[in-house]
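Q: Submitted below is the structure of interest, expressed as structure tokens.
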Amino acid sequence: MATDGFARETEERLIRYAAIDTQSDETSSSSPSTERQFDLLRLLRDELAGMGAEAPRLTPYGTVLATIPGSAPAPTIAFLAHVDTAPQFNATGVRPRVIRAYDGGTITFPDDPALTLSPETSPYLAERRGDDIVTASGTTLLGADDKAGVAIIMTLARHLLAHPEIAHGPIRIAFTPDEEIGRGVHADLPRDLAADIAYTLDGAERGEIVYESFSADKAVIHIEGVSVHPGVARGKLVNALHLAAKIVDTLPQATLTPETTSGRQGFWHIYQMSGTSAAADLSIILRDFELDGLAAHGAL
Ligand SMILES: [Zn+2]
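Okay, here's the thing in structure tokens:
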């Protein structure tokens, strides 16, 4: 339960930041991909300035940087979190709400009575009985990924800036855009961050530390058919949808997919298929823990 000051402050920040729409857009060519991400980025820069953080700034590539000055000789450590939320679900009008002392039962949503969340479908919930649970209201995502990370870093910054007697080295803070659309950080960020060690707060389960990651590629297959009126199509029409289906059917399915692999095994995963008989597109993500493996998925 949110009984101590840190938990209360983190909860308050999460709810406040989650209500701000910061959805990124995979189809955009601008950087950041959406203007709305600046709504939260500017707020965070201003809040860091209000706390007394050193040199808070918003870079032209849409990243907030600030420093908590060191109080003892130690390496410079950086903490990062991303401000954008996933493009796959409605992110406008987020109304976070808190379920106090979760009883382990089925959670319902005020804005969508048909929607439920339960330990049967989300086993991790069963382990969180007695905790306070924050959810959206049913018509939007919540965006705790990664506004929980943002809220934790902001709470940490506020506390350390108010207590310079706590011994620590220089701490750098970075809030970045467009993580959900796989852009990666801007090429200038490692230089601008100027940290010896960096941690991203963007985890899944409480208490978990992830110390390795796969390498990721995306493949887009564009198929041009030959469009001919069906009435006179014999021997001429080439249907792009047939070709798309054949390509998918040709790729491995009993192996090398997320549902048939685990641990450090790599995979290919088709997540979007769209088109008409004239033209079709397949969007595929590729994942592997070895660069050779990633290249092999791409070659496939
Ligand atoms: Zn995330």
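All letters in the sequence shown, in the order written, are residues 6 to 305 by this note's numbering.
All C-beta atoms, glycine included, are put in the ideal place defined by N, C-alpha and C.
Being a predicted model, the structure only gives us computed values, none of them experimental.
#1: Decide if Lys241 is buried, meaning its Cβ has at least 16 other Cβ atoms within 10 Å, or exposed.
#2: Look at the alpha carbon of Gln277 and the alpha carbon of Asp151, and state the distance between them as a whole number of angstroms.
#3: Is the beta carbon of Arg134 sitting closer than 8 Å to the one on Asp108?
#4: Following the continuous alpha helix (DSSP H) through Val155, name the residue where it begins and the one where it ends.
#5: When the Cα atoms are used, what is the spatial distance from Ala284 to His247?
#6: Pick out the complete alpha helix (DSSP H) segments inside the segment 189-215, 4 residues or longer, and give them in chain order.
#7: Give the residues whose C-beta lies closer than 7 Å to at least one heavy atom of ligand 1, in chain order.
#8: Distance, Cα to Cα, His227 vs Thr113?
#9: Starting from Tyr22, trace the alpha helix (DSSP H) both ways and give me its first and last residue.
#10: At what residue ranges does the segment 79-146 contain a whole run of the alpha helix (DSSP H), taking only runs of 4 or more?
#11: Considering only C-alpha positions, which residue in the set Ile289, Ala221 and Val139 is nearest to Leu296?
#12: Nearest to Asp207 by CA position, among Leu198, Ala199, Ser218 and Ile176, is which residue?
#13: Assuming Thr81 contacts Asp201 (C-beta within less than 8 Å), just tell me the rounded distance between them.
#14: Quick one: Cα of Phe43 to Cα of Pro235, how far?
#15: Mark Phe11 as exposed unless 16 or more other C-beta atoms lie within 10 angstroms of its C-beta, in which case mark it buried.
#16: Pro124 to Phe272, Cα distance in whole Å?
#17: On the DSSP bridge assignment, give the partners of Thr374 in chain order.
#18: Would you decide whether Gly268 is buried or exposed? Buried here means 16 or more other CB atoms lie within 10 Å of its CB.
#19: Could you pull out every residue in the same chain whose Cβ sits closer than 7 Å to the Cβ of Gly303, ignoring the five residues on either side in sequence?
#20: Could you check how far apart the C-beta atoms of Ile186 and Ser38 are, in whole angstroms? I think they sit under 8 Å.
A: On the basis of the coordinates in this document:
#1: Here the question's residue 241 lines up with position 236 in the sequence shown. Exposed, because fewer than 16 other Cβ atoms sit within 10 Å of the Cβ of Lys241.
#2: Numbered from 1 along the sequence shown, position 272 holds the residue referred to as residue 277. Numbered from 1 along the sequence shown, position 146 holds the residue referred to as residue 151. Going by the C-alpha atoms only, they are around 24 Å apart.
#3: On the sequence shown, position 129 is the one that residue 134 refers to. On the sequence shown, position 103 is the one that residue 108 refers to. For Arg134 and Asp108, yes; Cβs fall inside 8 Å.
#4: As a position in the sequence shown, residue 155 is number 150, starting the count at 1. First-last of the alpha helix (DSSP H) with Val155: Ala149 to Ala167.
#5: One-based indexing of the sequence shown puts residue 284 at position 279. One-based indexing of the sequence shown puts residue 247 at position 242. One C-alpha to the other measures close to 10 Å.
#6: 194-198
#7: His87, Asp150, Asp151, Glu184, Glu185 and Asp207
#8: The sequence position of residue 227 within the sequence shown is 222, counting from 1. The sequence position of residue 113 within the sequence shown is 108, counting from 1. If you take the alpha carbons of His227 and Thr113, they lie about 41 Å apart.
#9: Counting from 1 along the sequence shown, the entry for residue 22 is found at position 17. Annotation for Tyr22: the continuous alpha helix (DSSP H) segment containing it runs Gly10 to Ala23.
#10: none
#11: Start at 1 with the first residue of the sequence shown, and residue 296 comes out as number 291. Residue Ala221 is the option with its Cα nearest to Leu296.
#12: In the sequence shown, counting from the first residue as 1, residue 207 sits at position 202. Comparing Cα positions, the closest option is Ser218.
#13: Your numbering for residue 81 matches position 76 in the sequence shown. Your numbering for residue 201 matches position 196 in the sequence shown. Contact flag correct, Cβ pair sits at about 5 Å.
#14: To locate residue 43, count along the sequence shown from 1; it is residue 38. To locate residue 235, count along the sequence shown from 1; it is residue 230. When rounded, the distance between both Cα atoms is 50 Å.
#15: Position 6 of the sequence shown, counting from 1, holds the residue named residue 11. So Phe11 ends up on the exposed side.
#16: The count along the sequence shown starts at 1 and reaches residue 124 at position 119. The count along the sequence shown starts at 1 and reaches residue 272 at position 267. So the alpha carbons of these two residues sit roughly 28 Å apart.
#17: Residue 374 is absent from the model: the chain starts at 6 and stops at 305.
#18: Numbered from its first residue, the sequence shown carries residue 268 at position 263. Classification of Gly268: exposed, given that the 10 Å Cβ count is below 16.
#19: In the sequence shown, counting from the first residue as 1, residue 303 sits at position 298. Cβ within range, chain order: Asp222, Ala224 and Leu291.
#20: Against the sequence shown, residue 186 aligns to sequence position 181. Against the sequence shown, residue 38 aligns to sequence position 33. Contact annotation, Ile186 with Ser38: C-beta distance approximately 6 Å; criterion of less than 8 Å satisfied.
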